[in-house]
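These notes concern the structure reproduced below.
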Amino acid sequence: MSVLEPKTSFQRIFLPTLAWTIAIIFFFPIFWLVLTSFKTDADAVKPEYLFIFQPTLENYMNMTENYDYWRFAKNSIITSVFATAFTLFVGIPSAYAMAFNPSRHTKDILMWMLSTKMLPAAAVLYPMTFLTKNFLGVFDTHFLVIIVLSLINLPIVIWMLFTYFKEIPKEIIEAGKMDGVNTWGEIKDILLPLAWGGVASTALLCFIFCWNEAYWTVRLTTTEAATLSKLIEGNRAPEGLFFGRLSAVSAAAVGPIVVLGWFCQKQLVRGLTFGAVK
Amino acid sequence: MAGLTLRNVAKNYADVNVIESIDLDIKDGEFVVFVGPSGCGKSTLLRMIAGLEDITGGTIAIGDTVVNEVAPAKRGVAMVFQTYALYPHMTVYKNMAFGLKQAKTPKDEIDKRVRAAAEILEISDLLERTPRALSGGQRQRVAIGRAIVREPSVFLFDEPLSNLDAALRVQTRIEIARLHQRLGTTMIYVTHDQVEAMTLADKIVVLRGGNIEQVGSPIELYETPDNMFVAQFIGSPKMNFFKAEDLTKKGQAMLKGDVDRLGIRPEHFTTTDVKSALVVATPDLVENLGENALVHCITEGGMEFIVKTTDLTKFKQGKKIGLTADKARVLGFNSTTQKRIG
């Protein structure tokens, strides 16, 4: 029995070393980012100060005082929360319909939704900017950001919810029909309590995607609805990069989502590996 | 309480006819079993009565009301699913109360009905548990309880015993029969198991390929099957069919007119001398079940068939034996039309 044999030195030493090395390589940029955020812009570019330097909070103070960090953070929260809520509001009934009342075209519809993700965003950049600015007058509004974030994430959210809902036996929903619940009751009283874990991890992932989205939030906002992505972008000064300042802004932008992810790790892993092992 | 009337009921998905055209009358209080091989449309028919499948053609009436367009819960029917389909996140009590709650039944009335049903099914001490903490048999009782509390005019059972083990299946079958006696409500029961059909039914509906093959009491189907399919489907082991070359002269004399097959059930054979036999055969293999034995024999024409006997002494492996049967028990069929003749 191989299980009872003592571990070889390959298993004891090499594998853990390899794992740690990979982990450190992946973690290093974030570590560097946080470290740099406590350096002055001058120190940040000097290799001799890579690990040993005089830490300062100057960048963070500067960020909250001069760049209105909290306004950007508030915009990020508002747009991410509402976009997630709206996406679920549309996604749950859609996935429900496709999972429990499929038609001959359900598969095609699912594929079509996914195919919308294949369109390069840059291809529609000009019409999007032009139309929202000149015709609809919604440029740089929370409304626009929320709608855009929702539409970007809707396909993936429906796909995820669809897989979760598919796991619930159809008979349970039918039993509900026999018991006289209406469609809304089926969703509220039967489906959601049963698929709660799946819905939660979908919501979490959607929220993270919304928070991190940069392409559209940077291009469709100026000041009013600008999110943290825009704040980072805005600190790319034309006269060169101020690494200390930029690092502080970046750390403060990713901080909340890292903390959120940390607390919901278990839920997330389940969400991401769902369906891999049945 | 109510009877059911099905008129020209049909179901097709795109180009496929699952159910062609079914006419059926079910009397109030009757226990009707739909039986047939898998894919014969029996579950679809039940689900159409329940309202879970659309009806493509014809009408279904419960009592005097045509229910084609009526929502499942408004039809006065309750269904027990093969997989139980309990709500996993609710206790047994809540599972049973859920339907009444949807119908806005007063709380004390719900409580009264749930406890009464739990009493009947002997699950009173399980009311606070969740389905996960129950055994298969207990879950099935809860599923039945959920149907009872709604006091439906028709109970629908969709293969309710197939997820239970053999011993529990027999026990639950008897409980369902008792329940029918006690409540006197119309029950429609789907199964592919002919033993369940024979033991439970007042009336059996044999289905094949979306059509009714025969409707009748268990005894009618057993004694006077309309065609070869029903003759083989009802009864276990299956009825044997003999062609001319498998029969003796005496047996061949019974093939008159359109009759070209003789059907004899394994349990109806008696041994006799070769001269007066209908079939002469050589025993090949014996399956001894204790109370009786199944003897696999081969005719002179080379056909294999089964004889059910309680007296094995007459059967010697490899030694020819004469077999006959009471004339009234021998049925004549035509193999082209598959129909019974006479």
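Taken in sequence, the protein lines are chains A and B.
Each residue of the first sequence is one higher than the one before, starting from 0 at the first, in numbering that gives the first Met the number 0.
Each residue of the second sequence is one higher than the one before, starting from 0 at the first, in numbering that gives the first Met the number 0.
Idealized CB from N, CA, C, for every residue including glycine.
- According to the DSSP assignment, Thr201 of chain A belongs to the alpha helix (DSSP H) that extends over Trp195 to Asn211.
- The C-beta separation of Gly234 of chain B from Val278 of chain B comes to about 18 Å, leaving the pair out of contact by the 8 Å criterion.
- Minimum Cα-Cα distance from Val268 of chain A among the listed residues A:Tyr214, A:Ser246 and A:Thr201 corresponds to A:Thr201.
- Rounded to whole angstroms, the gap between the alpha carbons of Gly197 of chain A and Thr128 of chain A is 35 Å.
- Contact between the segment 251 to 271 of chain B and the segment 198 to 207 of chain B is absent: fewer than three C-beta pairs spanning the two stretches fall below 8 Å.
- Rounded to the nearest angstrom, the Cβ distance from Pro71 of chain B to Lys176 of chain A is 5 Å, consistent with a contact under 8 Å.
- Straight-line measurement puts the Cα of Gln53 of chain A at about 9 Å from the Cα of Asp42 of chain A.
- For the pair Gly144 of chain B and Leu120 of chain B, the CB atoms are nearer than the 8 Å cut-off.
- Taking the CA atoms as reference points, Val8 of chain B sits about 12 Å from Leu45 of chain B.
- Within a 10 Å sphere around the beta-carbon of Asp245 of chain B sit 16 or more other beta-carbons, which makes this residue buried.
- Within the model, the alpha-carbon separation for Thr226 of chain A versus Asn74 of chain A is close to 5 Å.
- When the alpha-carbon of Thr35 of chain A is set against those of A:Val253, A:Lys265 and A:Phe242, the nearest one is in A:Phe242.
- The Cβ atoms of Gly321 of chain B and Ala252 of chain B lie no closer than 8 Å to each other.
- Neighbourhood of Met253 of chain B in chain A, by CB distance below 8 Å: empty, with the nearest CB roughly 50 Å away.
- Ala70, Pro71, Ala72 and Lys73: these are the residues of the segment 59 to 73 of chain B whose beta carbon lies less than 8 Å from some beta carbon of chain A, given in chain order.
- Per DSSP, Ile54 of chain B lies in no alpha helix (DSSP H) and is assigned neither H nor E.
- Neighbours of Ala84 of chain B in chain A, taken as residues whose beta carbon is under 8 Å from its own, are Pro168, Glu170, Ile171, Glu173 and Ala174 in chain order.
- Shown here for Ala292 of chain B: same chain residues with a beta carbon closer than 7 Å to its own, the five before and five after excluded, namely Val285, Glu286, Thr308 and Leu311 in chain order.
- Interface with chain B (8 Å Cβ-Cβ cutoff): Val180 of chain A is included.
- Proximity of chain A to Phe80 of chain B at the Cβ level (cut-off 8 Å) is accounted for by Glu170, Glu173 and Ala174, in chain order.
- Within the segment 181 to 200 of chain A, those residues whose Cβ lies closer than 9 Å to any Cβ of chain B are, in chain order, Asn181, Gly184, Asp188, Ile189, Pro192, Leu193 and Trp195.
- Just so you know, the alpha carbons of Asp27 of chain B and Gln180 of chain B end up roughly 13 Å apart.
- In the three-state reduction of the DSSP assignment, Asp325 of chain B falls in the coil class.
- Rounded to whole angstroms, the gap between the alpha carbons of Ile147 of chain B and Val153 of chain B is 10 Å.
- In this structure, DSSP gives Pro282 of chain B an extended state, which the three-state scheme calls strand.
- Listed along chain B is no residue with a C-beta nearer than 8 Å to that of Met97 of chain A; the closest approach is about 18 Å.
- Among the residues facing chain A, Ala117 of chain B is not included, as its CB has no counterpart in that chain under 8 Å away.
- DSSP places Met253 of chain B in the coil class of the three-state scheme, outside both helix and strand.
- Within the same chain, Cβ atoms closer than 6 Å to the Cβ of Tyr48 of chain A are found at Asp42, the five residues on either side in sequence being excluded.
- Counting C-beta pairs with one atom in each stretch, the segment 80 to 95 of chain B and the segment 159 to 176 of chain A have three or more that are closer than 8 Å, which means they touch.
- The three-state secondary structure of Asn162 of chain B, taken from DSSP, is coil.
- Here the segment 292 to 306 of chain B does not lie against the segment 218 to 227 of chain B, with fewer than 3 beta-carbon pairs under 8 Å apart.
- Under the three-state reduction of DSSP output, Ile51 of chain A falls in the coil class, being neither helix nor strand.
- DSSP, reduced to helix, strand and coil, places Glu303 of chain B within a strand of the structure shown.
- The residue among A:Phe134, A:Leu150, A:Met62 and A:Ser79 with its C-alpha nearest the C-alpha of Leu113 of chain A is A:Leu150.
- Contact annotation: Ala121 of chain A and Tyr163 of chain A have beta-carbon atoms that are not nearer than 8 Å.
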